[in-house]
Amino acid sequence: MDWPRKLRIKHLQLFVTLAETGNISETARLQFSTQPGLSKWLKELEGDMGGALFERHARGLTLTPLGGHFLGRARRILNETERMQQSVEAIKAGSTHLINIGTSPASASNFVPMGILHFLRLYPEARVEICENTMDILIQKLEDRVLDLVIGRLDNYRPRVPLLSEVLYEEPLRIIARPGHPLAGKKVSWDELYRYDWIVWPEG
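Here the sequence shown is numbered in the numbering used here, starting from 389 and rising by one per residue.
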């Protein structure tokens, strides 16, 4: 059966909410649906697709591998739909281009605002929206096509999909030690530094 033709935006919203809550009654409440109607729809969808999207447990639902794949696709479609709506509203407001930029707090302080001002001077008809968050969340949004580009450090992330990146600037590396540390004030090698405990940024 050609099941994609039966899907509607509302169906994708139901599925994403169900995946996030793992609970049919809670999903029905959030999406203003009924629990019997939601259960019937899910059963029909799984029948049309020829496989289970969720595993049923006493405490709720968890995604199967098929369900996880479907969830990623559903989110992309919903994100594209939202961006389409934003683009239409921007055009109606007089802007011909809408660009969604993600940035980390470290980059947002100076580099990104100056870059956006320069861009808007070149393209005054454009509209720019900024999403500030940690890099792991921003990369997720970039992979899901919520964002057009992300400005920040990518050195300790492993994206799920290939991303095109470009070095915009380089930051100096500084190692800070407490007063009286055995290596303080010395010219040291990596072998010497490796012997001590480090405090570093966590992933994300």
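Even glycine gets a Cβ: it sits at the ideal position worked out from N, Cα and C.
Please look up how many angstroms separate the CB atoms of Thr415 and Leu402, rounded, as I've assumed it's under 8 angstroms.
One-based indexing of the sequence shown puts residue 415 at position 27. One-based indexing of the sequence shown puts residue 402 at position 14. Between Thr415 and Leu402 a beta carbon distance of about 7 angstroms is seen, short of the 8 angstroms cut, so the two are scored as contacting.
Tell me where the beta strand (DSSP E) around Ala514 begins and ends.
On the sequence shown, position 126 is the one that residue 514 refers to. In the DSSP assignment, Ala514 falls within the beta strand (DSSP E) that extends over Ala514 to Glu520.
Can you tell me which residues form a DSSP beta bridge with Gly490?
On the sequence shown, residue 490 is found 102 positions in, with the first residue counted as 1. Paired residues: Cys519 and Val538.
Which of the three DSSP states, helix, strand or coil, is assigned to Glu558?
For the purposes of this step, residue 558 is taken as residue 170 along the sequence shown, with counting starting at 1. Look at Glu558 here: in three-state DSSP terms it is coil, with no helix or strand label.
In three-state DSSP terms, what is Thr405?
As a working mapping, residue 405 is identified with position 17 in the sequence shown. Helix at Thr405.
Return the first residue and the last residue of the alpha helix (DSSP H) that His457 is part of.
The sequence position of residue 457 within the sequence shown is 69, counting from 1. Unbroken alpha helix (DSSP H) run through His457: Pro453 to Lys480.
Look up Thr415 in the DSSP assignment and say whether it is helix, strand or coil.
Taking the sequence shown and counting its residues from 1, the one referred to as residue 415 is at position 27. In the structure shown, Thr415 adopts helical secondary structure according to DSSP, grouped into three states.
Which of helix, strand or coil does DSSP assign to Leu433?
Counting from 1 along the sequence shown, the entry for residue 433 is found at position 45. Helix.
State the Cα-Cα distance for the pair Asn498 and Ser427, rounded to the nearest angstrom.
Along the sequence shown, read from residue 1 onward, the residue named residue 498 stands at position 110. Along the sequence shown, read from residue 1 onward, the residue named residue 427 stands at position 39. C-alpha separation (whole angstroms): 50 angstroms.
Using 8 angstroms as the threshold, is the C-beta distance between Ile518 and Ile564 below it?
Taking the first residue of the sequence shown as 1, we reach residue 518 at position 130. Taking the first residue of the sequence shown as 1, we reach residue 564 at position 176. Taking 8 angstroms as the Cβ cut-off, Ile518 and Ile564 do not qualify as a contacting pair.
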